[in-house]
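The structure appears right after this line, and notes come after that.
Spelled out as structure tokens, the structure:
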């Protein structure tokens with residue numbers, strides 16, 4: 011009799027274990043699917059910054075988290091991300107306005123990139139990642155006195171960017187320098 015109770019008890023435990031395993035499996039499948047669906051619906055887009063643009067010859071400082079790059083990081087030496095965010099400005103040959111036009115053309119040719127503001131000497135674009143639809147804000151300012159195009163690229167949300175902003179700027183630099 012005790013043996014039968016133990017067997018039934020073990021069977022009950024096995025049934026509970028099986029139910030728990032099935033619940034965990036369902037959650038492991040459904041949770042990523044729900045996150046992906048939320049991403050596709052724009053849940054990770056973030057809010058556009060209201061403080062972009064040029065102020066006193068400067069673009070916005072680096073983000074407070076390691077998810078941005080800026081060619082003006084040295085203007086913010088006490089910023090905690092200044093060193094990590096530093097990137098060279100974009101060099102160009104010839105006329106600065108012609109370089110900005112070429113830059114706008116490069117941006118128009120990039121997948122999931124939309125130019126939001128195009129003014130003489132300033133460009134602002136939004137780039138969206140393929141899978142999770144994160145939005146990054148990218149600014150370019152023709153710094154005629156320095157003879158370069160200053161750049162800032164930053165993710166709106168998240169702690170890191172896995173090097174996406176730096177890679178984007180370097181790819182743009184490569185295309186801008188191509189004949």
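Numbering (the numbering used here), first residue to last: 11 to 189. Glycine is no exception: its CB is placed at the ideal position from the N, C-alpha and C atoms. Small disclaimer: the values here were computed from a predicted structure and weren't measured.
According to DSSP, residues forming a beta bridge with residue 176: Here residue 176 corresponds to residue number 166 of the chain shown, with the count starting at 1. For residue 176, which the question treats as bridged, DSSP gives no partner whatsoever.
Assuming residue 153 contacts residue 76 under a Cβ cut-off of 8 Å, what Cβ separation, rounded to an integer in Å, is found between them? Within the chain shown, residue 153 is the residue found at index 143, counting from 1. Within the chain shown, residue 76 is the residue found at index 66, counting from 1. Actually they are not in contact, since the Cβ atoms of residue 153 and residue 76 sit about 25 Å apart, beyond 8 Å.
Note the first and the last residue of the continuous alpha helix (DSSP H) segment covering residue 82. Translated into positions along the chain shown, residue 82 becomes position 72. Element bounds for residue 82: n/a, residue is neither H nor E.
Do you know how far the Cα of residue 59 is from the Cα of residue 80? Counted from its first residue, the chain shown places residue 80 at position 70. Counted from its first residue, the chain shown places residue 59 at position 49. Cα to Cα, residue 80 sits roughly 16 Å from residue 59.
Alpha helix (DSSP H) runs wholly inside the region 84-129, at least 4 long, in chain order: 92-95, 106-118
The beta strand (DSSP E) spanning residue 152 covers which residue range? Within the chain shown, numbered from 1, the residue matching residue 152 stands at position 142. That run of the beta strand (DSSP E) goes 145-153.
What is the DSSP secondary structure of residue 64, counted as helix, strand or coil? On the chain shown, position 54 is the one that residue 64 refers to. If DSSP states are grouped into helix, strand and coil, residue 64 belongs with coil.
Which word fits residue 110, buried or exposed, when buried means at least 16 other C-beta atoms lie within 10 angstroms of its C-beta? Position 100 of the chain shown, counted from the start, is the residue given in the question as residue 110. Buried, because 16 or more other Cβ atoms sit within 10 Å of the Cβ of residue 110.
Short of 6 Å in beta carbon distance, which residues of its chain neighbour residue 183, apart from the five on each side in sequence? Order them along the chain. Here residue 183 corresponds to residue number 173 of the chain shown, with the count starting at 1. Hits under 6 Å: 100.
Buried or exposed, going by whether 16 or more other CB atoms sit within 10 Å of the CB of residue 141? Within the chain shown, numbered from 1, the residue matching residue 141 stands at position 131. Per the 10 Å Cβ criterion, exposed.
Any idea what DSSP makes of residue 73, helix, strand or coil? Translated into positions along the chain shown, residue 73 becomes position 63. The three-state reading of DSSP puts residue 73 in coil, since its state is none of H, G, I, E or B.
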